[in-house]
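To start, the structure under review is shown below, and the notes come after it.
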Amino acid sequence: MVKWQKSRANPSPAQGVIAPLLPTLVRNVPQGRRWLHEIKWDGYRIGVYLDHDQVRIVTRNLFDWTERFPTIRKAVSKLNATEAVIDGEAIVSDDKGLSRFAAIQQALGRGGRAHDITFVAFDLLRLDGEDLRQKPLEERRALLIGLLGEAMPEGILFSEEIEGDPDQLMTHACRLGLEGIVSKLRDSPYRSGRRMEWVKTKCVMSDEFIAIG
10 MVKWQKSRAN PSPAQGVIAP LLPTLVRNVP QGRRWLHEIK WDGYRIGVYL DHDQVRIVTR
70 NLFDWTERFP TIRKAVSKLN ATEAVIDGEA IVSDDKGLSR FAAIQQALGR GGRAHDITFV
130 AFDLLRLDGE DLRQKPLEER RALLIGLLGE AMPEGILFSE EIEGDPDQLM THACRLGLEG
190 IVSKLRDSPY RSGRRMEWVK TKCVMSDEFI AIG
């Protein structure tokens, strides 16, 4: 069970909150079957906590932003589980179907359209009392697919694996106007903090990066 610290001003979660696993920036998309690749979504990283009929939504920096994401809260409340912790990204898509950080900032601003926000789920850390973080990524994702079901609640998407030659995937992603690609080791556990089990490759390299391979 997740316990929450109550505060009138800026409520933030206390016990039971899991800090996110943060991908390391690298120059090239890693090669080999050990890696799976996903779109790098351009939004807000969030952790979603379901505890019976209560849903809480926590930012990357562990602030409680539940009230700012009413559509995500409603969608997650419809999942067939008593307890779950889901890692993902809150996004808003433009008219081309691309996630844009400026769009979600606008949606969250005064007079914004919060109902335009979608939750893209990509990892499952707890399910009905079981801590899944030591299980391999592929197993966690399979459990997440089962939780979301074939008919996902409106407002939730699953971050699908994209297959193909890694270099070609990156080229195609950049041509489409995406931010880049996130690559993850299939057999890796979930460890909070900046890790090399997950790496990100960006179309515009504005930060320091690490060379791998």
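Numbering (my numbering), first residue to last: 10 to 222.
Glycine included, C-beta positions come from ideal geometry on N, C-alpha and C.
- Going by DSSP, residue 46 is part of no alpha helix (DSSP H) but of the beta strand (DSSP E) stretching over 44-48.
- Shown here for residue 29: same chain residues with a beta carbon closer than 8 Å to its own, the five before and five after excluded, namely 54, 56, 69, 96, 201 in chain order.
- If you look at residue 79, you'll find it in the alpha helix (DSSP H) that goes 79-85.
- Here residue 209 is buried, its C-beta having at least 16 other C-beta atoms within 10 Å.
- In the DSSP annotation of this structure, the continuous segment of the alpha helix (DSSP H) that includes residue 155 starts and ends at 146-157.
- Boundaries of the alpha helix (DSSP H) harbouring residue 176: 175-185, taken from the DSSP string.
- Under DSSP, residue 53 shares a beta bridge with 99.
- When beta bridges are read from the DSSP output, residue 93 appears opposite 59, 136.
- Between the segment 105-113 and the segment 74-83 there are fewer than three inter-stretch CB-CB distances shorter than 8 Å, so the stretches are not counted as touching.
- Residue 112 and residue 124 have their C-alpha atoms spaced approximately 12 Å apart.
- With contact defined as three or more Cβ pairs closer than 8 Å, the segment 58-67 and the segment 33-42 are not in contact.
- In the structure shown, residue 167 falls within a strand segment according to DSSP collapsed to helix, strand and coil.
- In the DSSP secondary-structure assignment, residue 73 is bridged to 67.
- When Cβ pairs closer than 8 Å are counted between the two stretches, the segment 173-181 is seen not to touch the segment 141-148, the count staying below three.
- Taking all protein chains shown into account, residue 164 has 16 or more neighbouring C-beta atoms within 10 Å of its C-beta and is therefore buried.
- Residue 81 has its alpha-carbon roughly 15 Å from the corresponding atom of residue 60.
- Taken atom to atom, the span from the alpha-carbon of residue 167 to that of residue 154 is near 7 Å.
- Going by beta carbons, residue 182 and residue 48 fall inside the 8 Å limit.
- Membership of residue 190 in the beta strand (DSSP E) is indicated by the continuous run 189-194.
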